[in-house]
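Participant: Protein chains in written order, with our numbering: chain A, 1 to 105; chain B, 1001 to 1336.
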Ligand SMILES: Cc1cc2nc3c(=O)[nH]c(=O)nc-3n(C[C@H](O)[C@H](O)[C@H](O)COP(=O)(O)OP(=O)(O)OC[C@H]3O[C@@H](n4cnc5c(N)ncnc54)[C@H](O)[C@@H]3O)c2cc1C
Ligand code: SF4
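Next up, the structure:
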C-alpha cells in the first residue's frame, strides 16, 4: 500500500469514563487527606529533587486522581519530607508517598 | 426615657450603626478601645472598587456621629445580664445599663511573622499589606527603596490549616491586585509578580482591576503558592514557588515582597463572649444565629453584631450590615 506519511496517533484525551482509579481509591482509605489537595504547588516548590529530576508531589497527586501511573516520577523522591512541612492543607505527603509504594507492592 | 444602646467598637461598622441609630432618634454610646475611631479603614489609603480615599469615609462618618457619646481609649471590663438589661463596666469607672448592645469589634490582621518561611521580621524587605498602605498614605518606610522587582504573596495565614485558619480572607486577592497597580504607578520601572493559588475576585468591578493589572500595568500573575523566601548575597529576596501552570519550579529575585495578611478573628473579645455567654463559630469569629436570615443576631436577646466581627467583609458589606443592625435594634427596643 502506498505510504502517504500519515499514521494514527494515540489520543491524549483523559477519558474519565475509562480511567482506572484503583490506586487512588485505595489511597483515599489509607490517606484520606489526599482528597483535599488544592494543587497550590508548595510541595513541588520546596522539593529538593524537583529542579533536577522533575519530581512534583502536586503532579503525583493529580496523576493519581486521573488514574495514571506515578511510579516513574515517584522514583525520583528522596523521602526528605520537606513537602510535608509546607503543605497548607496539612497533607502528610511523605506518608502518602510510602502508602503509594505499598499500593504497587 | 430612651433606652441606652452601647456599641462596642468604633470602626466603620460601629460608626455607621451609630449614624443610623441617631437618625432613628436614639443616642448611642460608642466604646472604642483605641484612641481614635475608624478601625482598620483608618489605616488604609484608597478603597477598592472606586479608589475612594479611606480618610473621606472616616471624616464623613465622624462628622455625622457628633451627637453620639463616644468613649475612646476605653475598654469594657465586664458585661453581665440582669433580666432584660446588660450592665457594662468600663475601665474609666463608668457603668452603663443598656437594653441593647451592638458588637462591632471587627477583625485582626493575621500576624505574618507566624509564617516563618516568608521571613517577615527576619528580612528587612519583606513587608505586609498594612505596611504598604502606610507607605501609600505617605509614611516613610526605609525598607522600600525604588524596587526593581516586587512580589505579592496572596493567602498569608488564610486557607492554611497550619496557620490555624482554613478560611479564605476574601478581600486579599482584590487588595493585592489593587496594591500591585498602585505599586506600578509609584515605581513604573518595577516588575510586579502576584503569587496566587486561586484568584477570588468576586465583587462588583473587581475583575476590571484584574484586566487592568494585566493589560495596562503588565503585572505578572503566577499560579503557585510561595513555599519559601531567602536573602541573596546582595541583600535581595529570592522567592520560590512552583509555576503550577508550567509545571516547573520557579524562582525570582525581588526587592520588596508584600505579604497579604488575611483577616482573622479578634481574640480580644473572648472575655466579653464568656461573660455574656455568646457563641463562637468554628472559624473563631462571633457566631450569628443563622448565616442567612439572622446574621446580625447573636444567641442572646439584645446582643447584635455588625461588620467583620462575624467574618471577613468589605467596607460596603460592613456598612450595609451596620445600617441593618441599627434597624434591628430600633425594632427590638420598640417591641420590647
Ligand atoms: C489590607 C486590607 C485592605 C482592605 N481594603 C479594603 C478596601 O479597599 N475596600 C473595602 O471595601 N474593604 C477593604 N478591606 C476590608 C475592611 O478593612 C473591613 O471591611 C472593615 O475594616 C470592617 O470594619 P469593622 O468596623 O467591622 O472592623 P474594624 O475595622 O476591625 O474595626 C473594629 C473596631 O473595634 C475596636 N475594637 C475591637 N475590639 C474591641 C473591644 N474589645 N473593645 C472596644 N473596641 C474594640 C477596634 O479597635 C476597631 O476600632 C480591607 C481589609 C484589609 C485587611
Ligand atoms: S502542598 Fe499540599 S495542597 Fe499544595 S499541591 Fe502539595 S499536597 Fe497539594
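Think of the CB as a built atom: it goes at the ideal place given N, C-alpha and C, for glycine as much as any other residue.
How about residue 1049(B) and residue 1206(B): are their beta carbons less than 8 Å apart?
Facilitator: Taking the second chain and counting its residues from 1, one reaches residue 1049(B) at position 49. Taking the second chain and counting its residues from 1, one reaches residue 1206(B) at position 206. Against a cut-off of 8 Å, the Cβ pair of residue 1206(B) and residue 1049(B) comes out as a contact.
Participant: Determine the direct distance from the alpha carbon of residue 1310(B) to that of residue 1287(B), and round the result to whole angstroms.
Facilitator: Here residue 1287(B) refers to the residue found at position 287 of the second chain. Here residue 1310(B) refers to the residue found at position 310 of the second chain. C-alpha separation (whole angstroms): 6 Å.
Participant: Under a CB-based cut-off of 8 Å, is residue 7(A) close to chain B?
Facilitator: Mapped onto the first chain, residue 7(A) falls at position 7. By this cut-off, residue 7(A) is not an interface position.
Participant: Compute the Euclidean distance between the alpha carbons of residue 1108(B) and residue 25(A), then round it to the nearest angstrom.
Facilitator: In the second chain, residue 1108(B) corresponds to position 108, counting from 1. In the first chain, residue 25(A) corresponds to position 25, counting from 1. Rounded to whole angstroms, residue 1108(B) to residue 25(A) spans 41 Å at the Cα level.
Participant: When you compare the CB of residue 46(A) with every CB in chain B, is at least one pair closer than 8 Å?
Facilitator: Against the first chain, residue 46(A) aligns to sequence position 46. Judged by the 8 Å Cβ criterion, residue 46(A) is in contact with chain B.
Participant: Which residue marks the beginning of the alpha helix (DSSP H) containing residue 59(A), and which one marks its end?
Facilitator: In the first chain, residue 59(A) corresponds to position 59, counting from 1. Taken as a continuous stretch (DSSP letters only), the alpha helix (DSSP H) holding residue 59(A) covers 57–65.
Participant: Spell out whether any CB of chain A is found under 8 Å from the CB atom of residue 988(B).
Facilitator: This structure cannot speak to residue 988(B), because chain B is shown only from 1001 to 1336.
Participant: Are the C-beta of residue 1112(B) and some C-beta of chain A separated by less than 8 Å?
Facilitator: In the second chain, residue 1112(B) corresponds to position 112, counting from 1. It does not; no Cβ of chain A falls within 8 Å.
Participant: Quick one: grab the DSSP three-state call for residue 1363(B).
Facilitator: What the structure shows of chain B is the stretch from 1001 to 1336, and residue 1363(B) is not part of that stretch, so it cannot be assessed.
Participant: Hey, does residue 1060(B) have any beta-carbon neighbour from chain A nearer than 8 Å?
Facilitator: Here residue 1060(B) refers to the residue found at position 60 when the second chain is read from its first residue. Output row for residue 1060(B): interface = no.
Participant: Below 6 Å CB to CB, which residues in the same chain sit around residue 1001(B) once its five sequence neighbours on both sides are set aside?
Facilitator: On the second chain, position 1 is the one that residue 1001(B) refers to. The pLDDT assigned to residue 1001(B) is 45, lower than 50, so where the model puts this residue is not dependable, and the model offers no usable value.
Participant: Where residue 1222(B) and residue 1174(B) are concerned, what is the direct C-alpha to C-alpha distance, given to the nearest angstrom?
Facilitator: Taking the second chain and counting its residues from 1, one reaches residue 1222(B) at position 222. Taking the second chain and counting its residues from 1, one reaches residue 1174(B) at position 174. Their backbone Cα atoms lie some 15 Å apart in a straight line.
Participant: Whole angstroms is fine: what's the gap from residue 1036(B)'s alpha carbon to residue 1007(B)'s?
Facilitator: Taking the first residue of the second chain as position 1, residue 1036(B) is located at position 36. Taking the first residue of the second chain as position 1, residue 1007(B) is located at position 7. Taking the straight line from one Cα to the other gives about 15 Å.
Participant: Does residue 88(A) pass the burial test, meaning 16 or more other C-beta atoms within 10 Å, or should it be called exposed?
Facilitator: Counting from one through the first chain, the residue named residue 88(A) turns up at place 88. With 16 or more other Cβ atoms within 10 Å, it is buried.
Participant: Just to make sure I have the definition right: I need the residues of chain B whose C-beta is within less than 9 Å of the C-beta of residue 78(A). Which are they?
Facilitator: On the first chain, position 78 is the one that residue 78(A) refers to. Those within 9 Å of residue 78(A) in chain B number zero; the least Cβ separation is about 15 Å.
Participant: Ignore the nearest five residues each way along the sequence and tell me which others in residue 100(A)'s own chain have a CB closer than 8 Å to its CB.
Facilitator: Along the first chain, one-based indexing puts residue 100(A) at 100. Same-chain partners within the cutoff: 23, 27, 60, 64, 70 and 74.
Participant: Measure the Cβ-Cβ separation of residue 1074(B) and residue 1117(B) and say whether it is below 8 Å.
Facilitator: The count along the second chain starts at 1 and reaches residue 1074(B) at position 74. The count along the second chain starts at 1 and reaches residue 1117(B) at position 117. In this structure, residue 1117(B) does not lie closer than 8 Å to residue 1074(B) by Cβ.
Participant: If you follow the beta strand (DSSP E) that residue 1100(B) is in, where does it begin and where does it stop?
Facilitator: Counting from one through the second chain, the residue named residue 1100(B) turns up at place 100. Note, residue 1100(B): beta strand (DSSP E), 1100–1103.
Participant: Quick check: does the Cβ of residue 1315(B) come within less than 7 Å of any heavy atom belonging to ligand 2?
Facilitator: Here residue 1315(B) refers to the residue found at position 315 when the second chain is read from its first residue. No, Cβ of residue 1315(B) sits at least 7 Å from all heavy atoms of ligand 2.
Participant: Considering only residues of the segment 1045–1082 of chain B, which uninterrupted alpha helix (DSSP H) runs meet the minimum length of 4 residues and lie entirely inside it, listed in chain order?
Facilitator: Within the segment 1045–1082 of chain B, the complete alpha helix (DSSP H) runs of at least 4 residues are 1054–1064.
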